[in-house]
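Notes follow once the structure below has been shown.
Residue numbers (the numbering used here): 288 to 732.
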């Protein structure tokens, strides 16, 4: 049984008393039947938008041209949409026109997948006209009607099929998947922003490895060809047992579902196909892949219209993910200074996931070193060791007052002071740093 929120019950009841049909529809029905908590409750009705506005006191014209009115109830918002029939989809994304209909069947049959094409109210129970409950039991994502028609109408639905499979741990039904493979090129008509939104939902799901399905269907070839090269690039080295792409999928699975962390896991080895070199013994090397990968990551995320903060945070982790050095507190402080204290936990998490996605070769030693670095990081954080310019016991203004010339030389001297205190935090006193600053200034002159 589906338990409707009281506000939703009231909206359906008010529409019913006014002589109209009304049901909750789509994802909220699907999630309720699966025992999941719906993100929102969408309502569909035979009432026209103007009639919905007459019935309720507080409404907002959210998308009235397409039949959607937002009803405000007890401080909450609920979208109420008139049954409709979509016209022709000339652009492969949006209907050219929308016609309102008195038929629930007509409204449900235009929807993408069977599991999203159910309706419910307490009086009628679940309205399932396309075998959705059977598909839920089987764990299948299947189009309503002819999958080719559904994907001709809206090309983004192909990537949405992968997203729902990843979200629900479902399989994509055979005919639906075959249609995706045939029509994958249609995704090129969809905006980068919409593709990026679906991509994020896939990689933030419990199954980011379902990106493999997008690759097998030919979808990543359209919006992320770099991933296709990763899937096709072997790693003939004792440290690895998968292609670059398969390794990447394992790394994503071993990270928490956090935006920047999962993106950095996706792109940390993006430059390996470009940098791959084979030595005289047939062993692969990928020298310089973190630095080039950082540049490629920036270009890809810009292409997909990600925001600047996400881009720069992801690029930072990609650039530093493969640093290697003797594990000493001084070296850890130096790396924290380069990476940033606030980003360091994510960097350690990415490195751990990277190791777990490799072969067993020296895995224990790698994880032991990483544990030591993590312990030293906690000690450094607790000691409040200086790792940035603002942590220094003197400011740029203070060394200028002491006699250092104002200008670029000030910055150079400050950076030398920072290097000193990173190596030896006991030097971080005003007296000592001013003395050193004046000495460095004389060297600069």
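In this text, a Cβ means the ideal position worked out from N, Cα and C, and glycines have one as well.
By the CB criterion at 7 Å, residue 394 and residue 331 fall inside the cutoff.
Here residue 724 is not near residue 687, since their CB atoms are 7 Å or more apart.
Residue 365 carries a strand assignment under DSSP once its states are collapsed to helix, strand and coil. Rounded to whole angstroms, the gap between the alpha carbons of residue 365 and residue 707 is 60 Å. The beta carbon of residue 444 lies closer than 7 Å to those of 399, 437 and 438 in the same chain, with the five residues before and after it left out. With fewer than 16 other Cβ atoms from the protein chains shown falling within 10 Å of its own Cβ, residue 594 counts as exposed.
A direct Cα-Cα distance of roughly 45 Å separates residue 503 from residue 668.
In this structure, 471 is the residue among 632, 547, 545 and 471 with its C-alpha nearest to the C-alpha of residue 512. With 16 or more other Cβ atoms from the protein chains shown falling within 10 Å of its own Cβ, residue 672 counts as buried. The shortest CA-to-CA distance from residue 363 to any of 298, 540 and 714 is the one to 298.
Between residue 494 and residue 644, the C-beta gap is not smaller than 7 Å, which leaves the two residues out of contact.
In this model, residue 551 and residue 435 are separated by some 34 Å (Cα to Cα).
Secondary structure of residue 521 (DSSP, three-state): coil.
Counted as a single uninterrupted DSSP element, the beta strand (DSSP E) harbouring residue 371 occupies residues 371 to 373. Restricting attention to 340, 413, 709 and 432, the CA atom closest to the CA of residue 291 is found in 413. Contiguous alpha helix (DSSP H) elements confined to the region 626 to 702 occur at 631 to 643, 650 to 670 and 683 to 688, taking only those with 4 or more residues. Put simply, of 448, 454 and 404 the residue whose alpha carbon is nearest the alpha carbon of residue 431 is 404. Here the alpha carbons of residue 630 and residue 602 stand approximately 11 Å from one another. Residue 544 is classed as exposed because its beta carbon has fewer than 16 other beta carbons within 10 Å across all chains shown. Across the structure, residue 654 and residue 612 are spaced so that their CA atoms are roughly 14 Å apart. The C-beta separation of residue 342 from residue 302 comes to about 6 Å, placing the pair in contact by the 8 Å criterion. DSSP places residue 580 inside the alpha helix (DSSP H), whose first and last residues are 576 to 590.
Residue nearest to residue 318 within the set 372, 337, 454 and 695 is 454 (criterion: CA-CA distance).
Nearest Cα to residue 371 within the set 509, 306 and 397: 397. In the same chain as residue 600, and ignoring 5 residues on each side of it, the C-beta atoms closer than 6 Å to its own belong to 547, in chain order. With respect to the 7 Å criterion, residue 460 and residue 429 are classified as neighbours on the basis of their beta carbons. Shown here, residue 318 sits in a helix according to DSSP, grouped into three states.
Contact between the region 528 to 535 and the region 480 to 493 is absent: fewer than three C-beta pairs spanning the two stretches fall below 8 Å.
With respect to the C-alpha of residue 300, the residue from 581, 408 and 462 having the closest C-alpha is 408. Taken in chain order, the whole beta strand (DSSP E) runs of length 3 or more contained in the region 522 to 549 number zero. DSSP, reduced to helix, strand and coil, places residue 359 within a strand of the structure shown. If you draw a straight line from the Cα of residue 623 to the Cα of residue 571, it is about 30 Å long. Under the three-state reduction of DSSP output, residue 563 falls in the coil class, being neither helix nor strand. When DSSP states are grouped into helix, strand and coil, residue 572 belongs to the strand group. Contact check for residue 554 and residue 580: beta-carbon distance about 6 Å, within the 8 Å limit, so the pair qualifies.
A Cβ-Cβ contact shorter than 7 Å links residue 608 with residue 637.
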